[in-house]
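Peer 1: This structure is in structure tokens; I'll ask about it shortly.
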Amino acid sequence: MTGHRPMASARARPFRADDEMFVRGLRRQSFTAPLDVELWSRHGHVLEHDGTRVAALLARRVAQWVGGRSVPCVAISSVMVDLPRRGGGVMAELLGPVLRRHADGGAAISTLTPSAMAPYRRAGYEVAGHRFRFHAASRSLRLGAERDDIRWFQPGDVDRLAEIYDGFARRGNGPIHRDRQWWHSHILPRVRSGETFAIVAERDGEPTGYALWDQVEAPRPGEPAYLHRVRAREIVWSTVSAAHALLHALARAGSPGEEISWIGSPSDGMAGFFDDPVLVDWARPWMTKILDLPAALSARGYSTALDLSVVLGINDAGIARTLRLAVRGGRAHTEEVTVAPHVTMDASSFASIFTGRSTGREAQALGRLQAVSPEVVERLDALFAGPTPWLFEHF
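Shown next, in the form of structure tokens:
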């Protein structure tokens with residue numbers, strides 16, 4: 001299975017209707033989730049070797065909030081290589097052309113949630129943030145706080161909830177900037193099917209937040225099997241009274257005494273609503289690759305208090321680029337320059353700094369960044385400082 005194989009003619013192309021059986025077979029090899037044929041028809045790609053299908057993936061054009069602005073992105077998921085072809089660089093033969101196509105179409109970065117990190121590091125990705133799941137005892141929720149009203153989600157709520165989500169997500173680094181298609185293809189189907197519960201917080205008839213959750217079995221030895229706990233997919237709020245209302249509603253939704261858990265950010269302030277410690281269940285990484293360095297730098301946001309510049313030397317797969325990054329009023333201007341860079345690093349190390357996952361000081365300590373002085377490292381860290389990067393989605 002890993003022996004010598006003659007060089008094959010590789011061709012990456014969009015998914016076709018006659019690829020369905022091949023991709024279904026790959027799904028059975030690689031994942032447990034069912035195949036969404038409509039999703040694959042819009043975003044799927046297949047790799048052929050001499051006319052034989054050998055790999056497939058999904059590539060969806062999205063954007064991510066970074067520094068309060070959305071950065072054009074291609075989200076990679078469901079990367080699958082046929083078992084006899086694994087380990088021979090096949091993934092890169094498919095991923096490379098797909099990323100180039102999306103970069104030519106305006107994507108500045110690419111993000112994925114990996115099942116294994118080594119092959120994606122070889123492709124230029126690096127850990128850029130985490131999906132965090134927290135849990136806390138519902139009995140420790142603070143009492144006496146003002147709460148908004150709670151009701152069940154209604155289809156007409158979508159546009160207003162999308163606005164609330166955008167306001168919530170743009171405070172962080174990493175969350176997906178959801179367009180209408182994302183809401184209708186990735187969020188609402190689970191609610192409509194009844195698989196996911198959805199409630200809305202409101203004040204004077206105006207939505208102020210929402211929560212999406214699943215109920216999972218939580219029996220203990222010797223206890224009834226019908227006990228369940230709440231596992232929230234999203235808790236999104238625009239006011240403190242909305243957050244209190246949503247958390248107390250989720251506490252009542254679970255069996256008495258059960259904890260509640262949720263996906264969220266370590267910087268979102270949720271821990272302040274509990275009197276007992278909020279603990280981390282897990283933190284699973286997501287990875288980012290810079291596809292277009294000037295576009296990525298210009299798209300993200302920065303602190304409006306900054307008036308700084310730095311000359312970056314970025315090495316991407318053996319190609320060195322030197323750019324001056326100047327930030328003023330929260331916006332960036334970049335230009336190619338021929339002067340010596342202030343800081344030098346590879347593109348994958350910079351991806352972690354770009355999202356705020358890492359710092360120049362950390363990269364320097366790890367031997368991944370060289371700088372002409374400590375002052376320019378401090379300047380770099382001031383430019384890219386921000387909240388801990390995170391995501392709701394797993395894709």
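Sequence positions in the sequence shown follow full-length UniProt numbering and run 1 to 395.
The C-beta atom is built at its ideal place from N, Cα and C for all residues, glycine as well.
#1: Looking at G209: is its Cβ nearer than 7 angstroms to the Cβ of V230?
#2: To the nearest angstrom, report how far apart T2 and F15 are at their CA atoms.
#3: Do P389 and T360 come within 7 angstroms of each other at the CB atom, strictly closer than that value?
#4: For the beta strand (DSSP E) containing A75, list its first residue and its last residue.
#5: For M345, write down the residues that DSSP places opposite it in a beta bridge.
#6: Give me the Cα-Cα distance between W213 and R53, rounded to the nearest whole angstrom.
#7: S261 and H184: beta carbons closer than 7 angstroms?
#8: Kindly confirm or deny that the segment 332-344 and the segment 294-301 touch, where touching means at least three C-beta pairs closer than 8 angstroms.
#9: Considering D381, what are the terminal residues of the alpha helix (DSSP H) in which it resides?
#10: Just curious, the beta strand (DSSP E) that M270 is in, first and last residue?
#11: Any idea what DSSP makes of S303, helix, strand or coil?
#12: Does DSSP put L94 in a helix, in a strand, or in coil?
#13: Cutting at 6 angstroms between CB atoms, please list the residues of its own chain near A198, excluding the five before and the five after it.
#14: Hey, how far is the Cα of S267 from the Cα of G67?
#15: Identify every run of the beta strand (DSSP E) within the segment 128-171, keeping only runs that are complete inside it and at least 3 residues long; order them along the chain.
#16: How should E259 be labelled, buried or exposed, when 16 other C-beta atoms within 10 angstroms of its C-beta is the threshold for buried?
#17: Could you tell me if A108 is buried or exposed, where buried requires 16 or more neighbouring beta carbons within 10 angstroms of its beta carbon?
Peer 2: Well, looking at it:
#1: Start at 1 with the first residue of the sequence shown, and residue 209 comes out as number 209. Start at 1 with the first residue of the sequence shown, and residue 230 comes out as number 230. No, Cβ-Cβ distance for G209 and V230 is not below 7 angstroms.
#2: Along the sequence shown, one-based indexing puts residue 2 at 2. Along the sequence shown, one-based indexing puts residue 15 at 15. In this prediction, T2 has a pLDDT of 46, which is less than 50 and means its spatial position is unreliable; what the coordinates show is noted afterwards. T2 and F15: Cα-Cα distance of roughly 27 angstroms.
#3: Numbered from 1 along the sequence shown, position 360 holds the residue referred to as residue 360. Numbered from 1 along the sequence shown, position 389 holds the residue referred to as residue 389. Checking the sequence shown, residue 360 turns out to be Gly, not Thr. Contact: no.
#4: Position 75 of the sequence shown holds residue 75. Segment 69-81, the beta strand (DSSP E) holding A75.
#5: By 1-based counting over the sequence shown, the position of residue 345 is 345. M345 pairs with I314, L369.
#6: The count along the sequence shown starts at 1 and reaches residue 213 at position 213. The count along the sequence shown starts at 1 and reaches residue 53 at position 53. Answer to the nearest angstrom: the Cα atoms are 38 angstroms apart.
#7: Translated into the one-based positions of the sequence shown, residue 261 becomes position 261. Translated into the one-based positions of the sequence shown, residue 184 becomes position 184. Cβ atoms of S261 and H184: not closer than 7 angstroms.
#8: yes
#9: Sequence index remark: in the sequence shown, residue 381 carries index 381 (1-based). Per DSSP, D381 belongs to the alpha helix (DSSP H) from 374-384.
#10: Position 270 of the sequence shown, counting from 1, holds the residue named residue 270. It is not in any beta strand (DSSP E) - M270 carries neither H nor E in the DSSP assignment.
#11: Taking the first residue of the sequence shown as position 1, residue 303 is located at position 303. S303 falls in the coil class under three-state DSSP.
#12: For the purposes of this step, residue 94 is identified with residue 94 of the sequence shown, where counting begins at 1. Residue state, collapsed to three classes: helix.
#13: Residue 198 sits at position 198 when you count from the first residue of the sequence shown. Hits under 6 angstroms: F153, V191, L212.
#14: Against the sequence shown, residue 267 aligns to sequence position 267. Against the sequence shown, residue 67 aligns to sequence position 67. Using only the alpha carbons, I get a separation of about 14 angstroms.
#15: Within the segment 128-171, the runs of beta strand (DSSP E) at least 3 residues long that lie entirely inside it are, in chain order, 149-152.
#16: Position 259 of the sequence shown holds residue 259. Buried: at least 16 other Cβ atoms inside 10 Å.
#17: Mapped onto the sequence shown, residue 108 falls at position 108. Classification of A108: buried, given that the 10 Å Cβ count is 16 or more.
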